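Engineer:
In our numbering, the protein residues as written are 68 to 389.
Now the structure itself:
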């Protein structure tokens, strides 16, 4: 992070094929030569930079850290959201509570605090969340709208980006957004120009007595259910089932660690669970696909279709009443 954020990698990236010596990097970055040397040597042993004679240059890994969007999003999320809280992981495992969250604020879970996080932390959290969801919208919308739903409910609407995509995709659809009040306030700003076509329903999903607005032709849940323990997932799906209009469907989109093509993706998803354990709420995780299938069945639903390939990592379950 220091190599990237202090401009050392960028200096090497602009240094040409012959690279730069430590003195030239110090001059370009206005950093002390000592600091530049220790960072360059750290970069050397972590394969971010290469050394030929006295000149340093970027490796492919260093170039990715400097320029690749996914790498930047992941690093920022880890550094700004997770890093300090992870020192409390053992306590979180012992207690079943997100004890690392106190490094960010005094909330019961991170969702209650999203609207109140320090600006740079909030920016890193939303950049991470949106990076792994926005690309699937163009592929998912034709599936959600293949039966011309008149009413679509966005469960866990966050800042309203999926609802915005739906409202732009079909001029007749009406959206109902469900989330905590802080998130809905952000979504209202996003959708202010759509008037009555978007309505907002504040809800604490952990309150199992709170029913969802009824008569929904389609219900969307993307990267949402992995934010809950299995008992709460079943409760949410039961309430969604009761909210369906006749013939309505529920679309569950998530990244299951067993459905990944690459070992690196499985590694990242499984280790992301530790964020849920230590910071998010202490009870949720990145699930195996069979865990979610079991929750769907327990909620009185059936999976009528499974769609792979929405992105490299996402799976869609299309669910209907049993």
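Cβ coordinates follow ideal geometry from the N, Cα and C atoms, glycine included.
From a predicted model like this one, the values you see are computed outputs, not experimental measurements.
According to the neighbour-count rule (16 or more other Cβ atoms, all chains shown, within 10 Å of its Cβ), is residue 147 buried or exposed?
Structural biologist: The C-beta of residue 147 has 16 or more other C-beta atoms within 10 Å across all chains shown, which makes the residue buried.
Engineer: Would you mind giving the Cβ-Cβ distance between residue 287 and residue 193, rounded to the nearest angstrom? I have them listed as a contact below 8 Å.
Structural biologist: That belief does not hold up - the Cβ atoms of residue 287 and residue 193 are roughly 18 Å apart, past 8 Å.
Engineer: Taking the Cβ atom as the reference point for each residue, do residue 152 and residue 377 lie within a distance shorter than 8 Å?
Structural biologist: no
Engineer: For a test of the three-state rule: what should DSSP assign to residue 268, helix, strand or coil?
Structural biologist: strand
Engineer: Distance check for residue 168 and residue 215, CA to CA, integer angstroms please.
Structural biologist: 42 Å
Engineer: Kindly indicate which residue of 145, 237, 78 and 131 has the alpha-carbon position closest to the one of residue 189.
Structural biologist: Among 145, 237, 78 and 131, the Cα nearest to that of residue 189 belongs to 145.
Engineer: Give me the Cα-Cα distance between residue 74 and residue 235, rounded to the nearest whole angstrom.
Structural biologist: Answer to the nearest angstrom: the Cα atoms are 40 Å apart.
Engineer: Mapping DSSP to helix, strand and coil, what is residue 181?
Structural biologist: helix
Engineer: On the DSSP letters alone, give me the boundaries of the beta strand (DSSP E) that residue 285 sits inside.
Structural biologist: For residue 285, the enclosing beta strand (DSSP E) starts and ends at 283-289.
Engineer: For a quick check, are the C-beta atoms of residue 218 and residue 132 less than 8 Å apart?
Structural biologist: no
Engineer: Could you say which of 328, 221, 363 and 381 lies nearest to residue 245 if we only look at CA atoms?
Structural biologist: 221
Engineer: For residue 316, count neighbouring Cβ atoms within 10 angstroms of its own Cβ and tell me buried if that reaches 16, exposed if not.
Structural biologist: Using a 10 angstroms sphere on the CB of residue 316, the tally of other CB atoms reaches 16 or more, which defines it as buried.
Engineer: Looking at C-alpha atoms only, which residue of 88, 191, 128 and 360 is the closest neighbour of residue 113?
Structural biologist: 128
Engineer: Go ahead and label residue 283 buried or exposed: buried means 16 or more other beta carbons lie within 10 angstroms of its beta carbon, across all protein chains shown.
Structural biologist: buried
Engineer: Considering residue 386, what are the terminal residues of the beta strand (DSSP E) in which it resides?
Structural biologist: 382-388
Engineer: When you compare only the Cα positions, how much space is there between residue 117 and residue 351?
Structural biologist: 41 Å
Engineer: Distance check for residue 285 and residue 311, CA to CA, integer angstroms please.
Structural biologist: 7 Å
Engineer: Inspect the CB distances between the segment 378-385 and the segment 316-328 and report whether three or more fall short of 8 Å.
Structural biologist: Contact check between the segment 378-385 and the segment 316-328: three or more CB pairs, one atom from each, fall below 8 Å, which counts as touching.
Engineer: What residue does the beta strand (DSSP E) around residue 207 start on, and which one ends it?
Structural biologist: Segment 204-211 is the alpha helix (DSSP H) holding residue 207; no beta strand (DSSP E) there.
Engineer: What do you get for residue 334, buried or exposed, if any count of 16 or more other CB atoms within 10 angstroms of its CB means buried?
Structural biologist: Exposed, since its Cβ has fewer than 16 Cβ neighbours within 10 Å.
Engineer: Just checking my contact of residue 123 with residue 79 at CB under 8 Å: how many whole Å lie between their CB atoms?
Structural biologist: Rounded, the Cβ-Cβ distance is 6 Å, consistent with contact.
Engineer: Quick one, are the C-beta atoms of residue 340 and residue 359 less than 8 Å apart?
Structural biologist: Cβ atoms of residue 340 and residue 359: not closer than 8 Å.
Engineer: Between which two residues does the beta strand (DSSP E) harbouring residue 375 extend?
Structural biologist: Residues 368-375.
Engineer: For residue 140, which residues of its own chain have a beta-carbon under 7 Å away from its beta-carbon, when the five flanking residues on both sides are left out?
Structural biologist: The residues are 194, 195 and 198.
Engineer: Below 8 Å, can you find three or more Cβ-Cβ pairs linking the segment 290-304 to the segment 259-268?
Structural biologist: no
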